[in-house]
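See below for the structure under consideration.
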Amino acid sequence: PAPGLLQGKRVLVSAGGTREPLDPVRFLGNRSSGRQGTAMAAAALAAGARVTLVAANVERDVLCEAGLGAPGSAAGLEVVGVESALELRETMLQLAAEADIVVMAAAVADYRPASLAETKLKKQGDDGLTLQLVQNPDILRDLVAQRAAGTAPAGQRIVGFAAETGDEHGTVLEYGSAKLLRKGADFLVVNEVGAGRGFGTAENSVTLVAARDGSAEVIGERRGSKADVSQWVLSRVVTSGPSR
Ligand code: C5P
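In UniProt numbering, the protein residues as written are 176 to 419.
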């Protein structure tokens with residue numbers, strides 16, 4: 176966006192992928208690098224916002240790549256580290272109470288181990304090991320609910336990301352639109368995954384969908400670096416007007 180587009184705005188961004196602890200040394204995780212979220216945070220900073228980045232297991236190199244590296248290196252930026260989905264949820268809900276724009280770019284585990292062992296799990300032998308998992312809360316949906324309950328600045332915009340694949344039952348856009356309406360967010364950045372796109376890659380191709388009067392409206396499409404896509408998404412989110 177043009178410098179100053181987000182002057183005076185507070186932007187909260189989650190990035191990375193959660194780790195769901197199994198015992199003191201093991202976790203279930205995912206391959207999210209945190210590049211999309213750090214690119215969103217960097218774009219918001221460049222547009223003049225005060226930014227809090229909630230980083231779930233983001234490598235230092237990835238922060239550096241986005242210009243968010245050394246502590247205090249970027250004025251107006253605060254980085255908070257979290258590990259698990261429950262930790263991410265608590266941190267996001269707390270910080271969202273004072274954010275004008277909330278971006279959920281983190282890959283949140285759908286499930287976590289039902290119990291956390293206090294000591295390292297022992298090898299179970301030839302019969303294998305069965306893990307019981309329980310569903311994690313949907314943080315995006317909880318952010319929407321918190322806003323609806325009145326705990327958010329007026330006009331807060333909530334943005335989600337969704338990696339989708341199409342199949343015989345629907346297109347990428349149909350799945351993304353349904354997800355946007357189901358979760359109640361204002362915007363969803365939908366990207367098709369597979370074939371060198373999405374996770375872990377530098378290039379991105381996205382469709383931005385907005386919720387308007389109970390239906391999903393395509394705002395536009397953009398193909399480019401994650402930095403370019405981030406700038407574009409933020410400017411659209413700011414200029415597309417209140418969706419509620
Ligand atoms: O359902 P799915 O994971 O595809 O939705 C993606 C969006 O929802 C992302 O913005 C992600 O950060 C968010 N999400 C969440 N809590 C979950 C799962 C996903 O906030 N438990």
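Each residue gets a CB set at the ideal place from its N, CA and C atoms; glycine is no exception.
If you reduce the DSSP assignment to three classes, tell me which class residue i lands in.
i: Arg316; result: helix
i: Asp236; result: helix
i: Asp403; result: helix
i: Ser380; result: strand
i: Gln310; result: strand
i: Val347; result: helix
i: Glu265; result: helix
Of all the options the options, which has the alpha carbon lying nearest to the alpha carbon of residue i?
i: residue 434; options: Ala337, Gly369, Gly183; result: The structure shown does not extend to residue 434, since the chain spans only 176 to 419, so no value can be given for it.
i: Ser290; options: Val309, Thr382, Ala272, Ala284; result: Val309
i: Glu273; options: Ala385, Leu318, Ala292; result: Leu318
i: Arg225; options: Leu180, Asn232, Ala402, Ala241; result: Leu180
i: Ile314; options: Met267, Leu356, Glu343; result: Met267
i: Tyr286; options: Ala271, Gln307, Gly183, Ser207; result: Gln307
i: Lys354; options: Thr326, Ala323, Ala391, Glu367; result: Ala391
i: Ser415; options: Arg332, Ala402, Val278; result: Arg332
i: Glu349; options: Ala320, Arg322, Arg316, Ala385; result: Ala385
i: Ser380; options: Val233, Pro196, Val347; result: Val347
Is it the case that the Cβ atoms of residue i and residue j are separated by a distance below 7 Å?
i: Ala218; j: Leu383; result: no
i: Leu252; j: Leu220; result: yes
i: Ala190; j: Ala284; result: no
i: Asp275; j: Arg194; result: no
i: Val364; j: Val412; result: no
i: Ala216; j: Lys401; result: no
i: Trp407; j: Arg397; result: yes
Tell me which same chain residues have a C-beta within less than 8 Å of the C-beta of residue i, skipping the five on either side of it?
i: Val200; result: Lys295
i: Gln270; result: It should be noted that the sequence gives Leu, not Gln, for residue 270. Cβ within range, chain order: Leu187, Thr227, Val229, Val255.
Can you list, in chain order, the residues of its chain with a C-beta nearer than 7 Å to that of residue i? Leave out the 5 residues immediately preceding and following it.
i: Pro312; result: Arg264
For residue i, which residues of its own chain have a beta-carbon under 6 Å away from its beta-carbon, when the five flanking residues on both sides are left out?
i: Ser352; result: Val384, Ala391
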